[in-house]
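First comes the structure, then the notes that go with it.
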Amino acid sequence: MHDDLLLTLLVLLPFIGSVFAATVSSNARNSEAWLAGAVALSCLILIIAAYPAIVANGAIRSEFDWIPALGLSFSLRMDGFAWMFAVLVSGIGFLVVLYARYYMSPKDPVPRFFSFFLAFMGAMLGVVLSGNLILLVLFWELTSLFSFLLIGYWHHNAAARDGARMALIVTGAGGLALLTGVLLIGHIVGSYDLDRVLASGDAIRSHALYVPTLVLILLGALTKSAQFPFHFWLPNAMAAPTPVSAYLHSATLVKAGVFLLARLWPVFAGTTEWFWLVGLAGTASLLLGAFFAVFQRDLKGLLAYSTISHLGLITMLLSLGSPLGAVAAIFHMMNHATFKASLFMAAGIVDHETGTRDMQKLGGLFRFMPITATLAMVAGAAMAGVPLLNGFLSKEMFFAEAIETHLHSVLDTAEPYAAVVASAFAVTYSIRFIHSVFFGQKPADLPRTPHEPPFWMRFPISFLVIACLIVGILPSVTVGPFLQTAVVAVLGSRTPEYSLAIWHGFNLPLIMSLVALIGGALIYVALKGYLQQCADGPPLFRLLDARRIFDDALVILSWRWARFLETSLTTRRLQPQLRLLVLAALLAALVPLYARGLGPLAAIPSRIDPVLALVWLTGCACAIGAAYQAKYHRLVALMLLGGAGLATCITFVWFSAPDLALTQLLVEIVTTVLILLGLRWLPKRSEAVDEPVTFASRLRRQRDLAIAVAAGVGFAALAFAVMVRPLPDTIASYFLENAYLMGGGRNVVNVILVDFRAFDTLGEITVLGIVALTVFALLRRFRPASDSLGAPEQQRVQNAFDEAQPDRKQGDTVGDYLLVPAATMQWLFPVIIVLAIYLFLRGHDLPGGGFAAGIAMAAAFILQYMAAGTTWVEDRLRILPVNWIGMGLLVALATGAGSWLFDYPFLTSHSQYLQLPLIGSVPAATALLFDLGVLGLVIGATVLMLVALAHQSVRKLRAARLSAAAGEESP
Amino acid sequence: MEAILAIGIGILSGSGVWLLLRPRTYQVIMGLSLISYAVNLFIFSTGRLRSDAPPVLTSQPGSLADYADPLPQALVLTAIVISFATTALFLVMLLASRGLTGSDHVDGQERR
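In structure tokens form, the structure reads like this:
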């Protein structure tokens, strides 16, 4: 099969399966399991089919450009090492799916489980197959995310939520460090391509940034692999369903850390820093993990600490910097995955059958489930490193490496002893796992009576245990060639000679093994009584609860310090915030002015035209008046604001910007109407009843006035300084040159909006749509203040007049109010709509366009509301503004996406002229379609906002009627 | 000409800033509108002031430099629409806040 297709399919298949799994109905355990199993098995078959090509060529690759400007490509690459991991991920994935089919209860929401599970599998395959480091980090973070979702699968359980959160914080933070580290690697090497990075080991190791890079990469790898001091999340992740623990927290996710260490081993290893940092973390995890594991009461807790310890062993082997150590590490990754996954599944069966995982309660299960017990015993023996099993082989290699001298130091001297002690503990906890569960006294009061699980639930364990045995007995003929391919992929020309044999003669590693076996058994005998009734956790250390320390740190960081900063640095009052904002803007303008000066003013100001001067005299008076009146005379202020807006509008016309003037004018109308609609809900405020002006408030006003004057003078000076300078050459000339040639329009402003910068416009109309929906949502729950509930004063006066006149009914005057303007406005409706269509159609060549047309159309609608009243319009006219918004956005998007059909980038436009009967030649660029989307959205958004506000008066009436009706009934 | 527009921008923005710092929500919304006029005019003026420059391409021969600068115009056109959306949102916010708290003070309660 073609390499591109194969690799892409491998990564995509689980994600596609995940989407499908999410859509299956929630009690379909079987079809879910079939789907997930089929996906995992197909991946496995694809991977195995790729093996010959990998042996022949070293690696298969596939690469698609993603963001080439950032050096990011969707590049996948499978060499022998990645192949080995891919087989583990998909193979064990398949077995765990089979197991989960029986493990999950019919009451559990299985679609969610299998959907996350498959997505995790895809992310994990992505990590091992990435040929680009950034892509690797991306998949790496995805594994953290799906691990979070899977640990928290039973989210009604507090421990599951806490464990999931902790895992996400620790591994997610590690992932960020890793990203930084990878960026540093990219800086040093000049590329994120894995092949290039692997070839630049010397450059990286001798670079000044080597140590920071190393530390960051290690933070990523060690958090992921739960290595000391970041080990604490793994035991807390055991709240996950057991299939998740078997898959993520033994075989795959936690292996990602050591995978990365091995992957980058040729680049980073061999320095003193590497030896110390990695070695210390590895040795500490190896020892502490093994020691802690002995004292767990929870079966899964024991396995979790044992996983930490075994990963520590791998980390320590990698720290040595010797090729033989790397070989042993890679071999142990394989072996650990097989026996640990089977042990987790066995623990899950015990839990499933008895209802508890507490080793102090369990015992004597051998007579109930002899086959499971036997399988668990073999796997436990592999974990302990008993001869004839795969765990023994890699442990022998580990001992042999530990006694070698690599770098004269305390750590190197201590390593053989640490290795023996940790192995003895491994023997102890393995014996404890087997003995306390399957032997000894029959359990007294178990929640359930245990029996053998179904054959297919046991099958995955049997399969893995047989693999342990076969590899343990016949290593060189079974696993040998695959290991060799994997090792060559990592070490290349540095691949050492090694032999995979059970018997290497009576040598020091064998003696160490024997010491560990006998010592471990003796420790168990000595501790047995204590372990039967001790509290959870190792003595002394159990006082040092890592989870509590983590939680405390979290509280201090995210709550106490945050609160302190918030209370000491911020205020919840708006005015000081705005004041600071204005002052900061002033400062930001003053600093460069002070530093650079104003510079030469080249252009001579043009002649002053008295008409424009008069316009601005009025405009300025309006602005000041609005500022002065806004507190007590809102309507006056609104009119004056309109005056300032008109001055702006005229300025646009004056200086050759008809498009702006048009839009400004229309927006001005709509804004005024909008605010008018809002005015009614504001409290009455009159100068006479307001509180007296105190000295403090006068001082405040003077300060604010000073700020305002400073801001105004500054802005005026800035604007003047800009205007009297010659215009530098900008991209405007490009737009002018190409608007007609490439955009097919003569109105350059419109062509910029709908063609050259259409993507920006798309973003803008999206914002507009969101704002309109927000306005709508806010108003749906709008409760007017009690003092605005009654009819407005004018209506009251008019109604009182009606009552006083004998020949008038109440409401007559209100009904006749503004009768002539109302009739005019109704007749104007079609006229304005034709105007809007006209503005829209000519927009590409003449001033106009989707924005202006949309607002004009919205104005037509709101005029009807004003003319005839809300009830009248809503009885006759059904506008669906939300649909308009949606359609507009979809049309704009579809126009953009349409260019993909012709192999052009998003939003490429095509233009020509159409001859329409009667109308003549009409520009028919695809940009017009895009503009149609803009039009639809602007109509929808504007009408939605206006109508939602106008509608409040009806709702208020209805609310008043309802409350009146309730008032009549109650007495 | 430049001086007039500059003074206009200054007065609009000064009045706007004054209103922005006032305690009543309605004053703030007026202030924001005034400031947006000032800022739109300022952005527009960065294309320099030219009367009678053709804003739309014609088929007559001539230099591109004769045309009005379309770039600030396109920017301002966008800004006008967005400032309309902001005004609408803020208006509804102030109404909702007034309905919830019974006060039209920007902090939802009178200064103590």
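Order-wise, the sequence lines are chains S and R.
Counting along the first sequence from 1, when you hit position 161 you're at 161 in the working numbering, and nothing is skipped either side.
Counting along the second sequence from 1, when you hit position 54 you're at 54 in the working numbering, and nothing is skipped either side.
The C-beta atom is built at its ideal place from N, Cα and C for all residues, glycine as well.
Beta-carbon gap between residue i and residue j smaller than 8 Å
i        : j        : result
Gly8/R   : Gly31/R  : no
Ala22/S  : Ser115/S : yes
Ser430/S : Ala384/S : yes
Ile862/S : Leu946/S : yes
Ile35/R  : Phe90/R  : no
His451/S : Met359/S : no
Ser319/S : Val278/S : yes
Leu216/S : Leu264/S : no
Thr8/S   : Ser62/S  : yes
Phe259/S : Val170/S : no
Ala972/S : Leu311/S : Beyond the ends of chain S as shown, which are 1 and 971, falls residue 972/S; an answer cannot be given.
Tyr530/S : Arg432/S : no
Phe117/S : Ala36/S  : yes
Ala644/S : Tyr67/R  : no
Ala868/S : Ala836/S : no
Ala438/S : Ala382/S : In the sequence as displayed, the identity of residue 438/S is Phe instead of Ala. Against a cut-off of 8 Å, the Cβ pair of Ala382/S and Phe438/S comes out as no contact.
Leu41/R  : Ala732/S : no
Leu248/S : Phe94/S  : no
Leu253/S : Met124/S : yes
Lys255/S : Met333/S : yes
Val244/S : Tyr153/S : yes
Phe425/S : Val555/S : no
Thr307/S : Ala346/S : no
Proximal chain C residues relative to residue i, where beta-carbon distance stays under 7 Å
i       : result
Leu64/R : Included in the structure are the protein chains S and R, with no chain C among them.
DSSP beta-bridge partners of residue i
i        : result
Val56/R  : Asn747/S
Asp845/S : Looking at the DSSP assignment, Asp845/S forms no beta bridge with any residue, so it has no partner.
Glu63/S  : Ser75/S
Asn132/S : Asp193/S
Arg24/R  : His105/R
Asp358/S : Asp298/S
Residue i beta carbon near the ligand PLP (any heavy atom closer than 7 Å)
i        : result
Gly790/S : Judged by which ligands are present, the structure shown has none, so any question about the ligand PLP falls away.
Proximal residues, the stretch 744-757 of chain S versus chain R, C-beta separation under 9 Å:
Gly745, Arg746, Asn747, Val748, Val749, Asn750, Val751, Ile752, Leu753, Phe756, Arg757
Cβ contact check for the stretch 670-688 of chain S and the stretch 624-637 of chain S: 3 or more pairs under 8 Å
yes
Using a Cβ-Cβ cut-off of less than 8 Å, give me the residues of the stretch 662-675 of chain S that come near chain R, in sequence order.
Thr663, Gln664, Val667, Val670, Thr671, Leu674, Ile675
Between the stretch 5-28 of chain R and chain S, which residues of the former have a C-beta closer than 9 Å to a C-beta of the latter?
Leu5, Ala6, Ile7, Gly8, Ile9, Gly10, Ile11, Leu12, Ser13, Gly14, Ser15, Gly16, Val17, Trp18, Leu19, Leu20, Leu21, Arg22, Pro23, Arg24, Thr25, Tyr26, Gln27, Val28
Members of the stretch 123-141 of chain S that neighbour chain R once the beta carbon cut-off is set at 7 Å:
none
Quick one: any contact between the stretch 879-887 of chain S and the stretch 933-942 of chain S, if contact means 3 or more CB pairs under 8 Å?
yes
Residues within the stretch 835-851 of chain S neighbouring chain R, beta-carbon criterion of under 9 Å
Asp845, Leu846, Pro847, Gly849, Phe851
Going along the chain, which unbroken runs of the alpha helix (DSSP H) with 4 or more residues stay wholly within the stretch 818-866 of chain S?
819-842
With three or more beta-carbon pairs closer than 8 Å as the criterion, would you say the stretch 137-145 of chain S touches the stretch 193-209 of chain S?
no
Which residues, taken in chain order from the stretch 691-724 of chain S, show a beta carbon closer than 7 Å to some beta carbon of chain R?
Asp704, Leu705, Ile707, Ala708, Val709, Ala711, Gly712, Val713, Phe715, Ala716, Ala719, Phe720, Val722, Met723, Val724
Residues of the stretch 77-99 of chain R with Cβ closer than 9 Å to any Cβ of chain S, in chain order:
Leu77, Thr78, Ile80, Val81, Ile82, Ser83, Phe84, Ala85, Thr86, Thr87, Ala88, Leu89, Leu91, Val92, Met93, Leu94, Leu95, Ala96, Arg98, Gly99
Does the stretch 287-299 of chain S come close enough to the stretch 408-423 of chain S to have 3 or more Cβ pairs within less than 8 Å?
yes
Three or more beta-carbon pairs under 8 Å between the stretch 694-704 of chain S and the stretch 712-722 of chain S, yes or no?
no
Interface positions of the stretch 29-45 of chain R facing chain S (Cβ-Cβ less than 8 Å), listed along the chain
Ile29, Met30, Gly31, Ser33, Leu34, Tyr37, Ala38, Asn40, Leu41, Phe42, Phe44, Ser45
Below 8 Å, how does it come out for the stretch 616-629 of chain S and the stretch 665-673 of chain S: are there three or more Cβ pairs, yes or no?
no
Okay, do the stretch 835-849 of chain S and the stretch 744-756 of chain S touch, 3+ Cβ pairs below 8 Å being the bar?
yes
Under 8 Å, with one C-beta from each stretch per pair, do the stretch 872-880 of chain S and the stretch 720-728 of chain S reach the 3-pair mark?
no
Scan the stretch 924-937 of chain S for residues whose Cβ lies nearer than 9 Å to a Cβ of chain R and list them as they occur along the chain.
none
Tell me the start and end of each unbroken alpha helix (DSSP H) in the stretch 541-608 of chain S that is at least 4 residues and wholly inside, in chain order.
546-555, 562-569, 574-596
Where the stretch 635-653 of chain S meets chain R: residues whose CB sits under 8 Å from a CB there
Ala637, Leu638, Leu641, Ala644, Gly645, Ala647, Thr648, Thr651, Phe652
Closer than 8 Å is the cut-off here; do at least three beta carbon pairs connect the stretch 575-583 of chain S with the stretch 10-27 of chain R?
yes
Pairs of beta-carbons, one from the stretch 750-764 of chain S and one from the stretch 44-51 of chain R, closer than 8 Å: are there three or more?
no
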